[in-house]
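See structure below.
Numbering (this note's numbering), first residue to last: 215 to 295.
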């Protein structure tokens, strides 16, 4: 299903990381080892499906939800080169 969705969007599966902007979430969670979010309740849905979660920090604001603070997700911070 993911490969077909990628093909419809003119993308190909590179085998490691796939970015999908639209589509049904739950079939993707079943196929996923991890998910990364910025500020979305999709993170909660990923956790409910037992998918490892990484949360990007918003510079100057921190993490939007408590997933990282509560130990449910790994915090990912931005580093400037």
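Heads up, the beta-carbon is just placed ideally off N, CA and C, and yes, glycines get one too.
No experiment lies behind these values; they were computed from the predicted model shown.
Selection 231, 252, 242 and 247 evaluated against residue 291 yields 252 as nearest (Cα-Cα). It is roughly 30 Å from the alpha-carbon of residue 245 to the alpha-carbon of residue 273.
Positions of the beta strand (DSSP E) runs, each at least 3 residues long and wholly inside the stretch 230–258, are given as 248–251 in order along the chain. Less than 8 Å divides the Cβ of residue 269 from the Cβ of residue 281. The alpha-carbon of residue 248 is positioned some 6 Å away from that of residue 267. According to the DSSP secondary-structure assignment, residue 278 is paired through a beta bridge with no residue. Residue range 288–290 is occupied by the beta strand (DSSP E) that includes residue 288.
The residue among 233, 287 and 243 with its C-alpha nearest the C-alpha of residue 263 is 243.
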